[in-house]
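Below you'll find the structure, written out as structure tokens, and then a few comments.
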Amino acid sequence: MSGGAWGRNLGYAFVNFVNAEAAVAAWRCFDGFSDWALPSQKVCAVSWSGPHQGLEQHVERYRNSPVMHKSVPDEYRPVVFENGVRQRFPSPTRSLKKPDQTHRNR
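In the UniProt record's numbering, the protein residues as written are 1 to 106.
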């Protein structure tokens, strides 16, 4: 996920799988991964998401988030893919505040 001053990576992502088998296969593939295309000492660590679990909960969490504000470039907004094809992310259901771009990495 990216945020703050746009273009700065926050170092995490949420990936929702269609079934548990696919999630476990991805976990085995990515947990401990460190063979990056660019030089890096970073090692990928995989964990279950909490407190939100499942696509619907994550969509509801982010659809009214400041990251969906019109000032945020599309490449930094949450996305949903189905069978590799980008789907329209549900629109916010309320007026959104412009995000604070001074967010620091955690």
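Heads up, the beta-carbon is just placed ideally off N, CA and C, and yes, glycines get one too.
Exposure of residue i, with buried meaning 16 or more beta-carbon neighbours within 10 Å
i: V79; result: exposed
i: V85; result: exposed
i: Y62; result: buried
Opposing strand residues paired with residue i [DSSP bridges]
i: S82; result: The displayed chain sequence assigns Glu, not Ser, to residue 82. V85, per the DSSP bridge assignment.
Collapsed DSSP secondary structure at residue i in the structure displayed
i: V46; result: coil
i: R28; result: helix
i: Q57; result: helix
i: R106; result: The predicted model places R106 with a pLDDT of 46, which falls under 50 and marks its position as unreliable; any figure quoted below should be read in that light. Coil.
i: M92; result: Residue identity differs from the one stated: residue 92 is Pro in this sequence, not Met. Coil at P92, not helix or strand.
i: V67; result: helix
i: A37; result: coil
Closest by C-alpha distance to residue i, when choosing among the options
i: S65; options: A22, E56, K97; result: K97
i: E56; options: L10, V15, G11, D100; result: V15
i: V10; options: G50, P92, K42, E82; result: Looking at the sequence itself, residue 10 is Leu, so the reference to Val does not match. For the residues G50, P92, K42, E82, the minimum Cα distance to L10 belongs to K42.
i: C44; options: D35, P51, G50, H52; result: D35
i: V67; options: F30, F81, R77; result: R77
i: residue 112; options: P39, A23, K70; result: No answer is possible for residue 112: the residues shown for the chain start at 1 and end at 106.
Cβ distance (whole Å) where residue i is taken to contact residue j below 8 angstroms
i: A26; j: F33; result: That belief does not hold up - the Cβ atoms of A26 and F33 are roughly 10 angstroms apart, past 8 angstroms.
i: V72; j: P99; result: 6 angstroms
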